[in-house]
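Here's the structure, in C-alpha cells; my notes come after.
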Amino acid sequence: LSPVCLGSLRRAASINAEYMGHRKENFHIEDDDFLQHETAKLLAFEKNLQLCNNLSGNMMDILDGLGTRLTELEKTMGPIHGDTQAITLSQRNIDLTIKEMDRIIGYQELASEDFDARNLQSNYISYLEWMGKISDAINFFRANRSFKMRRRF
Numbered sequence: 125l126s127p128v129c130l131g132s133l134r135r136a137a138s139i140n141a142e143y144m145g146h147r148k149e150n151f152h153i154e155d156d157d158f159l160q161h162e163t164a165k166l167l168a169f170e171k172n173l174q175l176c177n178n179l180s181g182n183m184m185d186i187l188d189g190l191g192t193r194l195t196e197l198e199k200t201m202g203p204i205h206g207d208t209q210a211i212t213l214s215q216r217n218i219d220l221t222i223k224e225m226d227r228i229i230g231y232q233e234l235a236s237e238d239f240d241a242r243n244l245q246s247n248y249i250s251y252l253e254w255m256g257k258i259s260d261a262i263n264f265f266r267a268n269r270s271f272k273m274r275r276r277f
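Heads up: the sequence shown begins at 125 in this note's numbering, then just goes up one per residue.
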C-alpha cells in the first residue's frame, strides 16, 4: 500500500469519525442505522483502497518498464560514447599535425624569401627577426634530417 493511499485513507477516516460523532450527538441516530451507514462507508473505503493498490501496481509497472528502457539506452550509448572519444582524439591529433606541418612549410618557404637590405639601418629590428627565423629553420632541419627541401619550378 502506497504512502499516498494510506495518508488519504487516514485523513478520510479521521474526518468521518469527527463528522459521525458530531452527527450522532446532534441527531441521536439508532445503533442499527449507524452500523449500516458505517458498513457502507467501510465498503467504500475498501473499494478505494483496492483502486489505490491497482494504481500503485500500474505505476510500478510503468517505472519498471522505464528502468528497463533506460538500461537498454545506456547499453546502446556506451559504444557510441567510446567512438565519439576516439573521433575527438583523432580530430585533435589531426589539428596538431596540420599546425606542425604549417610550421615546417613556413621553414621551407623561408629559404625562398628575399629580405630588402636597402633600408637596413632604419629597419634593423625586422632584419634581426628575419635572421632569427632563418636560424630556427636551420636548427629544425639539422635536427630533422629526414625532411628534404624540394625545389619548385
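The beta-carbon is built from N, C-alpha and C at its ideal position, and this holds for glycine as well. Please read all numbers here as calculations on a predicted model, not as lab measurements.
Item checked: A261, buried or exposed, once every other Cβ within 10 Å from all chains shown has been counted against 16 -> Around the C-beta of A261, 16 or more other C-beta atoms lie within 10 Å, and the residue is accordingly described as buried.
Next item on the list: To the nearest angstrom, report how far apart D185 and I204 are at their CA atoms.
Entry: Each residue's Cα considered, the two are about 29 Å apart.
Notebook entry, point to check: Shortest alpha-carbon distance to R266 belongs to which of S236, T195, I228?
Noted result: Ranking the options by Cα distance to R266, first place goes to I228.
Next item on the list: For E237, name the three-state secondary structure that DSSP assigns.
Entry: E237 falls in the coil class under three-state DSSP.
Item checked: Cβ-based neighbour list, L252, same chain, cut-off 6 Å, excluding 5 preceding and 5 following -> Excluding positions up to five away in sequence, the list is empty.
Next item on the list: Take F239 as the anchor and find which of G256, N178, N182 has the nearest alpha-carbon.
Entry: Of G256, N178, N182, the residue nearest in Cα terms is G256.
Checklist line | N-terminal and C-terminal residue of the alpha helix (DSSP H) that N268 is part of | finding: Counting along the chain, no alpha helix (DSSP H) covers N268, and no H or E run does either.
Next item on the list: Note down the Cα distance separating I222 from M201, rounded to an integer number of angstroms.
Entry: When rounded, the separation of the alpha-carbon atoms in I222 and M201 is 31 Å.
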